[in-house]
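Sequence positions in the sequence shown follow the working numbering and run 2 to 477. For each residue, glycine too, the CB sits at the ideal point set by N, CA and C.
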Amino acid sequence: MFNKIQKRILFTLFTASLFIFSVGASPTDNEMSFEINGLQDLDPLVDLEVTVEIQAIRSLQKFEYPNPKTLEAIDWFSDPDFFVKVIINDQEFVSDIWYDTKYIYNPDFSPTLDVSDEEEFVNIKIQLYDWNAFGNVLCDLSANGKDVELTYSLKTGHWSGGDFLEDSSGYGRLNGCADGSMYKRQRDCELWFNIYQNDFDGDGIPYWTEVNEYDTDPLVDNTGEDSDKDDVPIEWEWKWNYDPFKKDNHYYLDPDDDGLDNLEEYFVSKWGSDPYRADVFIELDYMEESPDGVSSVLPEGADELLSTAFNRFDKVFHLDEGEMGGGGEIIPFDDYIGDRDLDKVYDEYFLHYDDNNWRRGVFRYSLIIYDPGRAGYNFRRGAFVLSSNRIKEKPTPDIPRTRAVAWASVYMHEMGHTFDFHNPGVDNPNFWQYVNYKSCMLYRYTYRLVDYSDGSRINDFNDWEDMDLKHFQREW
């Protein structure tokens with residue numbers, strides 16, 4: 002195999018010869034290639050390497066108190082002791098062990114392999130294990146089996162197999178619940194990843210695609226270019242398999258029907274959105290602590306419980322507490338804020354006095370304050386408020402895990418109204434009539450259950466199917 006310097010010299014001579022001998026010649030539809038010893042080199046500018054980047058690992062273990070038969074832990078002796086195996090063309094890479102950790106973000110594990118520059122496809126397998134002294138246990142990441150096998154193309158930079166473009170779980174996201182095991186004991190987990198190859202100009206678009214499909218210069222970084230003037234740049238359209246030279250009306254395209262058009266999906270793509278998988282974005286702002294020490298923040302762990310509930314069903318939850326450019330703002334303390342003043346808070350802290358703020362159609366809005374008059378309620382179709390003072394008075398044990406469950410449950414209850422749940426069990430004071438409706442929307446389970454119901458029981462309702470993801474956009 003030629004090294005990089007040799008390849009660049011040969012490529013320079015090759016492109017120069019193309020220029021000299023193409024004068025007066027007619028263009029053809031033949032695939033442009035660069036051959037060494039009779040074999041097509043898929044990228045003459047670099048010695049090709051493929052990297053599998055592990056971005057996040059999350060346990061989806063169960064903790065449904067009203068459903069004791071579904072209680073599950075990945076590891077019954079501690080929180081999981083995760084480690085990952087990645088196999089690239091039969092070469093195995095094993096991560097360190099992340100001991101006693103349910104949620105791992107940016108784990109700094111990105112195995113890279115030098116691959117053949119003449120063979121298009123690279124075989125990849127991803128496995129997630131829970132380490133145990135008496136034997137490692139394979140966790141479930143797949144709708145078929147437990148591990149995931151993928152085929153990566155050096156020509157297109159896309160992969161297929163156990164994860165693929167337009168996958169309902171998301172491209173670059175594995176979900177052990179994709180087989181319908183939300184309430185089964187299968188050590189379900191989710192894993193976020195990316196696969197990429199080195200690229201001379203740094204725009205991430207493979208040489209072969211630039212030369213044979215796009216007719217762009219593989220020596221020039223095309224990041225940010227929008228040749229078709231549809232307000233979405235080439236790198237996003239390449240990743241999601243749109244033609245960057247054919248104008249699409251992304252303002253109206255919403256292939257996953259989650260209420261976010263493709264232009265909005267592009268705006269939030271840096272935070273993990275996928276145009277072919279439902280995403281739920283919500284902003285959260287807080288009131289400063291009260292004089293008597295009541296804190297108006299979500300307890301530690303509540304956000305992870307919410308993510309787990311939504312992510313199991315491939316409706317990926319994104320909570321903005323300041324990481325996504327809008328949440329985490331602190332509102333001055335007031336011992337009471339009513340409806341009219343809540344609208345003022347909404348205008349100032351969410352819209353920032355801009356009625357055309359693009360976040361209005363993407364993010365729901367949530368607010369925790371000392372006292373709005375009730376424990377919680379929606380003051381707009383896409384906005385709700387919770388009372389820190391009233392929720393702390395609810396009879397829940399003063400245990401961190403229990404507090405997190407109570408807060409996540411009531412947060413999810415109020416958020417449910419932004420999905421237009423209106424079956425007879427929702428907010429019904431005669432909740433004993435619907436005990437089989439295992440949803441935080443039923444008062445019996447509010448503060449105890451971080452989930453909506455799946456409709457699998459008698460006299461039950463399927464919240465997850467009835468969810469209207471666009472309801473919050475229809476303002477009153």
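Give me, in chain order, the residues of the same chain whose beta-carbon lies closer than 7 Å to that of residue i; leave out the 5 immediate sequence neighbours on both sides.
i           : result
residue 249 : 231, 243
residue 156 : 43, 121, 207, 209, 210
residue 405 : 300, 301, 302, 303, 306
residue 229 : 245, 246, 247, 248
residue 27  : Because the pLDDT at residue 27 is just 40, under 50, the model does not fix this residue reliably, and the value given afterwards should be weighed accordingly. None.
residue 79  : 101
Per DSSP, what kind of secondary structure is residue i in: helix, strand or coil?
i           : result
residue 110 : strand
residue 460 : coil
residue 346 : helix
residue 540 : The structure shown has nothing for residue 540, since the chain only spans 2 to 477.
residue 453 : coil
residue 161 : strand
residue 392 : helix
residue 358 : coil
residue 324 : coil
Note down, in chain order, each residue of its chain lying with its Cβ closer than 8 Å to the Cβ of residue i, except the 5 sequence neighbours on either side.
i           : result
residue 332 : 286, 287, 288, 289, 346, 350, 368, 370
residue 160 : 125, 151, 152, 153, 154, 196
As a quick exercise: from the options, pick the residue whose alpha carbon is nearest that of residue i.
i           : options            : result
residue 419 : 95, 305, 406, 464  : 464
residue 91  : 344, 275, 150      : 150
residue 63  : 311, 436, 445      : 311
residue 458 : 467, 124, 438      : 438
residue 59  : 83, 335, 239, 272  : 83
residue 359 : 462, 261, 385, 108 : 261
residue 412 : 442, 426, 422, 429 : 442
residue 170 : 317, 385, 449      : 317
residue 472 : 362, 425, 453      : 362
residue 77  : 53, 95, 40, 131    : 131
Quick one: using the 10 Å Cβ neighbour count with 16 as the cut-off for buried, is residue i buried or exposed?
i           : result
residue 134 : exposed
residue 24  : Only weak support is given to the placement of residue 24: the predicted model assigns it a pLDDT of 40, under 50, and the question is left unresolved by the model.
residue 380 : buried
residue 220 : exposed
residue 394 : exposed
residue 470 : buried
residue 224 : exposed
residue 172 : buried
residue 103 : buried
residue 475 : exposed
residue 433 : exposed
According to DSSP, what are the bridge partners of residue i?
i           : result
residue 86  : 95, 128
residue 280 : 317
residue 194 : 55
residue 416 : DSSP, once it has assigned bridges, lists no residue as partnering residue 416.
residue 366 : 284, 384
residue 150 : 126
residue 104 : 59
residue 377 : 387
residue 331 : 287
Starting from the C-beta of residue i, find all residues in its chain whose C-beta is less than 6 Å away, skip the five residues before and the five after it, and write them out in chain order.
i           : result
residue 298 : 287
residue 391 : 376
residue 162 : 150, 151, 152
residue 460 : 437
residue 456 : 462, 463
residue 308 : 318
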